[in-house]
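Below is one structure, written out as structure tokens, with a few remarks after it.
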Amino acid sequence: MDRDLYPERIAYPPGPIVTGRVVRLLGGYSREMKVQQPALVAVLTAATVARLIGTLVLSVLRAGTGSGSRRKFKELRKGPEFLVTPLRIRDTAGVLCEMEIHGHLPQSALEPADHIQVTVRPQKDAELAPRVERIVNITTGQLLTPRIPTLWSHLGPALVLQAMLGLLAVAVVVAILLGSVG
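Dropping the structure here:
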């Protein structure tokens with residue numbers, strides 16, 4: 072049968088664990104991750120409090136405020152992008168299965184014909200192929216766990232630290248106010 076005229080059907084694997092051989096790693100593309108607005112607003116508000124306190128202290132010391140490279144709310148709201156690589160394997164029953172690897176893997180981690188065991192889970196969108204959580208490459212003995220960015224890695228350690236300092240400053244002010252009332 073001509074594979075160009077009658078391509079083989081591709082199935083999404085039903086189970087959480089699929090064992091088979093790598094047929095093909097397709098070209099990767101980027102997908103944007105959604106950022107929950109309430110969490111972003113809370114972090115930015117707390118960070119702004121810390122930044123205002125820092126600006127006040129610096130202006131009192133006449134050291135200047137510094138320009139810094141702040142990212143805009145719109146940039147932070149957009150969310151990080153992560154690499155999505157479609158993976159096709161032929162399971163032990165001979166069925167061609169497709170799944171998605173989210174995040175980066177080493178270049179030589181998977182080769183065609185490698186015998187692998189994959190742990191997958193369905194995505195929120197039922198139209199998308201299941202997401203790979205873990206790959207055990209039986210051929211090479213490697214355990215592979217792709218990692219995608221999180222909200223906290225997207226915001227960055229500086230902004231998260233600023234937010235924690237802002238929350239601490241607000242807690243101190245509230246404690247002082249409550250202490251003076253009682």
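Okay, so the sequence shown: first residue is 72 according to my numbering, each after it adds one.
Every residue, glycine too, gets a C-beta built ideally from N, C-alpha and C.
For residue i, the three-state DSSP class (helix, strand or coil)
| i | result |
| --- | --- |
| VAL155 | strand |
| GLY137 | For GLY137, the pLDDT reaches just 46, beneath the cut-off of 50, and the residue's location in the model is therefore unreliable, leaving the point undetermined. |
| ARG249 | This sequence places Leu at residue 249; Arg is not what is there. Three-state result, LEU249: helix. |
| HIS175 | coil |
| LEU147 | helix |
| ARG142 | coil |
| LEU167 | strand |
| LEU124 | Looking at the sequence provided, one finds Ile at residue 124 rather than Leu. Residue state, collapsed to three classes: helix. |
Straight-line Cα distance separating residue j from residue i
| i | j | result |
| --- | --- | --- |
| ASP185 | ILE209 | 7 Å |
| LEU112 | VAL106 | Just to set this straight, residue 112 is Val in the shown sequence, not Leu. In a straight line, the C-alpha of VAL112 is about 11 Å away from that of VAL106. |
| LEU214 | LEU222 | 25 Å |
| ALA234 | PHE144 | 15 Å |
| ARG148 | VAL231 | 15 Å |
| LEU226 | VAL93 | 36 Å |
| TYR83 | GLY99 | 18 Å |
| GLU169 | SER224 | 29 Å |
| PRO78 | LEU97 | 16 Å |
| GLY237 | PRO157 | 42 Å |
| ALA164 | THR116 | 54 Å |
| VAL244 | ARG102 | 42 Å |
| SER138 | VAL252 | Below a pLDDT of 50, predicted positions are generally treated as unreliable, and SER138, at 49, falls in that range; the measurement from the model is reported next regardless. Cα-Cα distance, rounded: 39 Å. |
Candidates the options, of which the one nearest residue i by Cα
| i | options | result |
| --- | --- | --- |
| GLY86 | VAL245, PRO193 and ALA229 | PRO193 |
| ILE124 | THR163, LEU249 and VAL241 | VAL241 |
| THR211 | GLU182, ARG80 and ALA117 | GLU182 |
| PRO217 | LEU249, GLY250, LYS195 and GLU171 | GLU171 |
| ILE88 | VAL207, LEU158, VAL114 and HIS175 | VAL207 |
| ILE187 | ASP196, ARG159, GLU198 and HIS173 | ARG159 |
| ASP162 | HIS175, VAL243, VAL114 and GLY91 | GLY91 |
| ILE292 | VAL252, LEU238 and ALA200 | Coverage of the chain is limited to positions 72 through 253, which leaves residue 292 absent and any answer about it impossible. |
Residue i CB to nearest heavy atom of the ligand ATP below 8 Å
| i | result |
| --- | --- |
| GLU103 | Ligands are entirely absent from the displayed structure, and the ligand ATP is therefore not among its contents. |
Same chain only: Cβ atoms within 7 Å of residue i, ignoring 5 sequence neighbours per side
| i | result |
| --- | --- |
| ALA134 | Interpretation of ALA134 is limited by its pLDDT of 42, a score under 50 that renders its predicted location unreliable; the figure taken from the coordinates is listed afterwards. Counting only Cβ-Cβ distances below 7 Å, and skipping sequence neighbours, we find nothing. |
| GLU204 | THR190, VAL191 and ARG192 |
| PRO44 | As displayed, the chain neither begins before 72 nor continues past 253, which places residue 44 out of reach and without an answer. |
| ALA110 | LEU222 |
| LEU176 | LEU215 and PRO217 |
| GLY174 | PHE153, LEU154, PRO217, ARG218 and ILE219 |
Own chain partners of residue i with C-beta closer than 6 Å, once the 5 adjacent residues on each side are dropped
| i | result |
| --- | --- |
| LYS195 | none |
- At 3 residues or longer, and completely inside the stretch 89-115: list those beta strand (DSSP E) runs for me, N to C. For the stretch 89-115, the full-length beta strand (DSSP E) segments reaching 3 residues or more read 100-103 along the chain.
- Message: Report the start-end ranges of each alpha helix (DSSP H) in the stretch 189-245 that is 4 residues or longer and not cut off at the edges.
- Response: Listed in chain order, the complete alpha helix (DSSP H) runs (minimum 4 residues) inside the stretch 189-245 are 222-226.
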